[in-house]
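*Asks:* First residue of the sequence shown? That's 1115 in the working numbering, and the numbers climb one at a time after it.
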Amino acid sequence: MQNRVAAPLAPWRLVAWLLFVFALSALSYASRLSGEDPPEDLAYRYSSSIGALVQYGLMLGILLLIARGLPRREVFALRRPSSWPRASAYAAVALVGIWLAAAALAPFLDASDEQGFVPDEWDSSRAGAFAAFFFAVAVVAPIVEELTYRGLGFFLLAPSGTVAAVLGTGVLFGVAHGLLVALPILVIFGLGVGWLRARTESVYPSMILHGIFNGAALIVSVAVLD
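#1: Helix, strand or coil for D1340, going by three-state DSSP, please let me know.
#2: Determine the burial state of V1135: buried for a count of at least 16 other Cβ atoms within 10 Å of its Cβ, exposed for fewer.
#3: What span of residues does the alpha helix (DSSP H) with F1136 cover, start to end?
#4: What is the residue span of the alpha helix (DSSP H) that W1309 lies within?
#5: Compute the Euclidean distance between the alpha carbons of A1215 and G1325, then round it to the nearest angstrom.
#6: Over what stretch of residues does the alpha helix (DSSP H) that includes S1161 continue unbroken?
#7: Return the CA-CA distance between P1233 and F1327, expressed in angstroms with no decimal places.
#8: Using three-state DSSP, classify A1201 as helix, strand or coil.
#9: Use the C-beta contact count for I1302: other C-beta atoms within 10 angstroms, 16 or more gives buried, fewer gives exposed.
#10: Apart from the five residues just before and just after F1287, which ones in its own chain have a Cβ nearer than 6 Å to its Cβ?
#11: Nearest-angstrom Cα distance between A1137 and I1257?
#12: What is the DSSP secondary structure of E1259, counted as helix, strand or coil?
#13: For R1240, name the three-state secondary structure that DSSP assigns.
#14: Could you check the C-alpha separation between A1120 and P1185 for me, to the nearest Å?
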């Protein structure tokens, strides 16, 4: 797939995007290596949701700044797939592939608690805070992260080839989360949604699949009651 922007892209845009992603990665790993574990009730704090919304708002602002002057619909792949049934089939293939890869790695990697945003149990007295956190993690995060990687990042790397765009955004997506044990699974997930983005030429299926993953993780964590 080729970019539909006729003029050659200025190199500074790719450099700026890479610096942005590297900064996210550095901050994530610095936080991880500091030794401070996230609070066990992270998902039940309004402050967590507010912090996430502020973070993603800043990220979106930086993305728009890097893409300034370019057609946003093309840059961020904000277009419907040519066929939603076909896109759904591709999403199912990506989903199965990611699950199979994760299952194959599960005996060697125990990454269930590494990120720390999944609660251990349901607390009905704090349902409002959990709902706000769910919105931040399952709706806002997938939108902004997909715009970052399968949107702008994919667009900027696409002149080097679709394979380079899928691999580059997939690896950088995984690294930017600042996890160690879960890094292989995150990279595989990034490759899966990157492939979906390439096949559909749209960022929307990737957003939806990403949101389903994040939302399912939160729902399952509180649905299994002791």
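Heads up, the beta-carbon is just placed ideally off N, CA and C, and yes, glycines get one too.
*Replies:* On the basis of the coordinates in this document:
#1: As a first step, residue 1340 must be located in the sequence shown, where it is residue number 226. Legend: pLDDT at D1340 = 48, less than 50; position of this residue unreliable, value from coordinates given subsequently. DSSP places D1340 in coil when its eight states are reduced to three.
#2: The sequence position of residue 1135 within the sequence shown is 21, counting from 1. It is buried - the Cβ of V1135 has at least 16 other Cβ atoms within 10 Å.
#3: Residue 1136 sits at position 22 when you count from the first residue of the sequence shown. First-last of the alpha helix (DSSP H) with F1136: P1125 to L1147.
#4: Here residue 1309 refers to the residue found at position 195 of the sequence shown. Segment L1297 to T1314, the alpha helix (DSSP H) holding W1309.
#5: Counting from one through the sequence shown, the residue named residue 1215 turns up at place 101. Counting from one through the sequence shown, the residue named residue 1325 turns up at place 211. Taking the straight line from one Cα to the other gives about 19 Å.
#6: Counted from its first residue, the sequence shown places residue 1161 at position 47. Counting along the chain, the alpha helix (DSSP H) containing S1161 begins and ends at Y1160 to I1180.
#7: Here the question's residue 1233 lines up with position 119 in the sequence shown. Here the question's residue 1327 lines up with position 213 in the sequence shown. Using only the alpha carbons, I get a separation of about 15 Å.
#8: Translated into positions along the sequence shown, residue 1201 becomes position 87. Correct three-state label for A1201: helix.
#9: In the sequence shown, residue 1302 corresponds to position 188, counting from 1. The residue in question, I1302, is buried, as its Cβ has 16 or more Cβ neighbours within 10 Å.
#10: Translated into the one-based positions of the sequence shown, residue 1287 becomes position 173. So the list reads Y1263 and G1304, once near-sequence residues are dropped.
#11: Counting from one through the sequence shown, the residue named residue 1137 turns up at place 23. Counting from one through the sequence shown, the residue named residue 1257 turns up at place 143. Going from the Cα of A1137 to the Cα of I1257 covers about 20 Å.
#12: The residue you call residue 1259 lines up with position 145 of the sequence shown. The answer is helix: DSSP assigns E1259 an H, G or I state.
#13: Counted from its first residue, the sequence shown places residue 1240 at position 126. Looking at R1240 - three-state DSSP - the assignment turns out to be helix.
#14: As a first step, residue 1120 is located in the sequence shown; it is residue number 6 there, counting from the start. As a first step, residue 1185 is located in the sequence shown; it is residue number 71 there, counting from the start. Bear in mind that the predicted position of A1120 carries a pLDDT of just 48, short of 50, making it too unreliable to give a figure here.
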